[in-house]
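Residue numbers (our numbering): 57 to 297.
Written out below as structure tokens is the structure these notes cover.
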Ligand code: FPP
């Protein structure tokens with residue numbers, strides 16, 4: 057695919073550095089079409105491929121995706137199994153392409169709960185791409201923000217150093233990355249659901265009624281444009297755009 061220049065989309069220079077996506081509505085998308093839910097997740101995965109490539113092409117610095125929360129274990133065993141199969145398929149089929157495009161993959165979450173072969177695939181994806189200079193792709197798997205903060209607190213306790221904001225932020229999975237500028241949640245819900253609470257402290261939120269499999273590049277670009285129309289204040293008084 058030819059590299060898309062932000063100029064051709066008229067997105068300008070004011071791109072969000074770090075975007076988070078809460079990928080909701082795969083199940084509803086499938087149910088509406090009379091399909092089993094697992095086909096909704098497959099459609100979500102196909103959409104994800106496109107959006108990752110697009111984000112990388114337009115020069116987004118970091119993209120964080122909520123793929124499997126610590127609460128998602130409550131889903132029927134069959135659905136959890138189907139999701140794991142999809143994650144495996146994704147890592148196996150996309151790794152070379154992502155690597156070639158300079159994408160750096162980071163898994164956020166407790167991987168020890170996953171089957172060994174999945175842990176191996178994720179570890180390989182991370183180590184192979186660790187020093188890549190392109191899009192920082194963070195995939196939240198068995199992730200919860202509060203658990204992440206507890207993990208960070210324990211890392212800091214072990215170090216025995218005095219804790220300040222910088223030390224806390226650097227003990228999160230997103231160490232070294234900018235805060236979230238924009239959080240997109242699809243499928244009509246307007247909540248964070250324990251996703252990157254600290255990193256989203258000053259983020260702008262855009263909610264779409266469309267489900268995740270319907271989040272086309274066009275709609276995603278529309279979310280970025282909506283972000284660009286917002287006036288960010290970070291607690292201060294700022295002149296209107
Ligand atoms: C939420 O929709 C979606 C998920 C729990 C899974 C997200 C997974 C993917 C997009 C598949 C591919 C991911 C990777 C990282 C390769 P939902 O099932 O809660 O939808 P519903 O609210 O309509 O039931």
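Ideal placement from N, C-alpha and C gives every residue a C-beta, glycine not left out.
Discussion item. Quick test of the definition: if touching needs 3 or more C-beta pairs under 8 Å, does the stretch 259-277 touch the stretch 231-250?
Written reply: The stretch 259-277, when compared against the stretch 231-250, does touch it at the 8 Å Cβ threshold.
Discussion item. Could you compute how far the alpha carbon of residue 181 sits from the alpha carbon of residue 151?
Written reply: In this structure, the straight-line span from the alpha carbon of residue 181 to that of residue 151 is close to 6 Å.
Worksheet item: Rounded to a whole number of angstroms, what is the C-alpha to C-alpha distance between residue 235 and residue 256?
Response: About 7 Å.
Fill in: Reduced DSSP secondary structure (H/G/I, E/B, other) of residue 164
DSSP places residue 164 in the strand class (E or B) of the three-state scheme.
Worksheet item: Below 8 Å between beta carbons: does that hold for residue 112 and residue 157?
Response: Yes.
Worksheet item: Does the distance from the C-beta atom of residue 170 to that of residue 194 stay below 8 Å?
Response: Their beta carbons are not under 8 Å apart, which means residue 170 does not touch residue 194 by this criterion.
Discussion item. With DSSP as the reference, identify every bridge partner of residue 260, one or two as the case may be.
Written reply: Residue 260 is bridged by DSSP to 238.
Discussion item. Pull the bridge partners of residue 74 from the DSSP assignment, please.
Written reply: In DSSP, residue 74 forms a bridge with 118.
Discussion item. Here's a check: name, in chain order, each residue in its chain whose Cβ is nearer than 8 Å to the Cβ of residue 191, leaving out the five neighbours to either side.
Written reply: Hits under 8 Å: 108, 111, 112, 116, 117, 118, 119, 157, 158, 159, 160.
Fill in: Whether residue 237 touches residue 75 by CB criterion (8 Å)
Cβ distance < 8 Å, so residue 237 and residue 75 count as in contact.
Worksheet item: Span of the alpha helix (DSSP H) holding residue 229?
Response: Annotation for residue 229: no alpha helix (DSSP H) segment contains it, and DSSP assigns it neither H nor E.
Discussion item. Can you list, in chain order, the residues of its chain with a C-beta nearer than 7 Å to that of residue 282? Leave out the 5 residues immediately preceding and following it.
Written reply: Contacts found: 262.
Practice prompt. List the whole-angstrom C-beta distance separating residue 103 from residue 271, where the pair is believed to meet the contact cut-off of C-beta under 8 Å.
Written response: Indeed they touch by this definition, with Cβ atoms about 6 Å apart.
Discussion item. Just verifying my parser: in three-state terms, what is the DSSP assignment at residue 112?
Written reply: It is helical.
Discussion item. Once the 5 residues before and after residue 284 are set aside, which same chain residues still bring their CB inside 6 Å of it?
Written reply: Here residue 284 has 70 as same chain residues with Cβ atoms under 6 Å from its own Cβ, once five neighbours each way along the sequence are excluded.
Worksheet item: At a cut-off of 7 Å, is residue 70 close to the ligand FPP when judged by its beta-carbon and the heavy atoms of the ligand?
Response: Incorrect: residue 70 has no Cβ contact closer than 7 Å to the ligand FPP.
Worksheet item: How long is the line joining the alpha carbons of residue 132 and residue 141, rounded to whole angstroms?
Response: So the alpha carbons of these two residues sit roughly 15 Å apart.
Worksheet item: Cβ-heavy atom distance between residue 195 and the ligand FPP below 7 Å?
Response: Residue 195: yes, Cβ under 7 Å from the ligand FPP.
Worksheet item: Given a threshold of 16 other Cβ atoms within 10 Å of its Cβ, counted over all protein chains shown, does residue 72 qualify as buried or as exposed?
Response: Buried is the call here.
Item to complete: Let me know if residue 153 comes out buried or exposed under the rule of 16 or more other beta-carbons within 10 Å of its beta-carbon.
Response: Flag for residue 153 reads exposed.
Discussion item. Quick check on the DSSP output: the beta strand (DSSP E) that includes residue 194 runs from which residue to which?
Written reply: Run containing residue 194: 192-199, per the beta strand (DSSP E) assignment.
Fill in: Nearest-angstrom Cα separation, counted from residue 294 out to residue 196
So the alpha carbons of these two residues sit roughly 34 Å apart.
Item to complete: May I have the straight-line CA-CA distance separating residue 135 from residue 82, to the nearest angstrom?
Response: Cα to Cα, residue 135 sits roughly 12 Å from residue 82.
Fill in: For residue 183, the three-state DSSP class (helix, strand or coil)
Here DSSP, grouped into helix, strand and coil, assigns residue 183 to helix.
Discussion item. Applying the 10 Å Cβ sphere with the 16-neighbour rule, what's the burial state of residue 221?
Written reply: Flag for residue 221 reads exposed.
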